[in-house]
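The structure appears below as structure tokens.
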Amino acid sequence: MRLLYLLLALLSLPTLAADDPLLLARQYMQAYTAMDYGELEQLYHFDATFEDPSADVQGNGQRINGRQAILAFLKKAERGVGQIRFVENNHMVIGNWVVLMGEYHYLVSGPQFGLGPQPVWVVVKGITELKVDTGLGQIRTHRDMLDYESLPAQLQ
């Protein structure tokens, strides 16, 4: 009988994560930083939006609409990125919005940034806001506000 209860508990774990906005957001961030496009395809709502207004400073502000367009953008944007880590320093959950504050650590191609042949780690502080749909277990909006101004000093 205990085995049956354990099995039922294990089968209900994904459902529990989808019902909790913070757990859903963290599941998404794990797929996002792992560049797991198969998992991301499942996690993005079909009409999701991806926004990066902080990139306007460099003339690269983004607002992409739709799951397939977001995935295509991410695949293109992540060329030259060997690895991404997000270090969460704090978070807030406000209804269906999850706000994650922390640092993105990117392992990037040195030559792509005019540096030597070795990959280089860069750190970008910022805030990622995620509008989650716990009913569907999907992300409706991903909005970044990142400190791109710190990059030039790190690349010297």
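Numbering (this note's numbering) for the sequence shown: 1126 to 1281. In this text, a Cβ means the ideal position worked out from N, Cα and C, and glycines have one as well.
In three-state terms, what does DSSP make of Gly1239?
Shown here, Gly1239 sits in coil according to DSSP, grouped into three states, outside any helix or strand.
Nearest candidate by alpha-carbon position, reference Met1270, set Gly1205, Tyr1231, Ala1156 and Gln1187
Gln1187
8 Å Cβ cutoff met for Val1206 and Pro1146
no
Out of Val1248, Gln1263 and Val1249, point me to the one whose CA is closest to Leu1255's CA.
Nearest option by C-alpha distance: Gln1263.
Considering only C-alpha positions, which residue in the set Arg1151, Thr1259 and Asn1190 is nearest to Phe1211?
Arg1151
Using a Cβ cut-off of 8 Å (strictly closer), state whether Ala1159 contacts chain C.
Absent here is chain C; the protein component of the structure consists of one chain.
Pairing CB atoms from the stretch 1191-1200 with CB atoms from the stretch 1214-1232, are three or more of them under 8 Å?
no
Boundaries (first-last residue) of the beta strand (DSSP E) holding Leu1280
It is not in any beta strand (DSSP E) - Leu1280 carries neither H nor E in the DSSP assignment.
When the distance is taken between beta carbons, is Thr1259 closer than 8 Å to Asp1144?
Yes, Cβ-Cβ distance for Asp1144 and Thr1259 is below 8 Å.
State the start and end residues of the unbroken alpha helix (DSSP H) segment that holds Thr1259.
Boundaries cannot be given for Thr1259, as no alpha helix (DSSP H) includes it and DSSP labels it neither H nor E.
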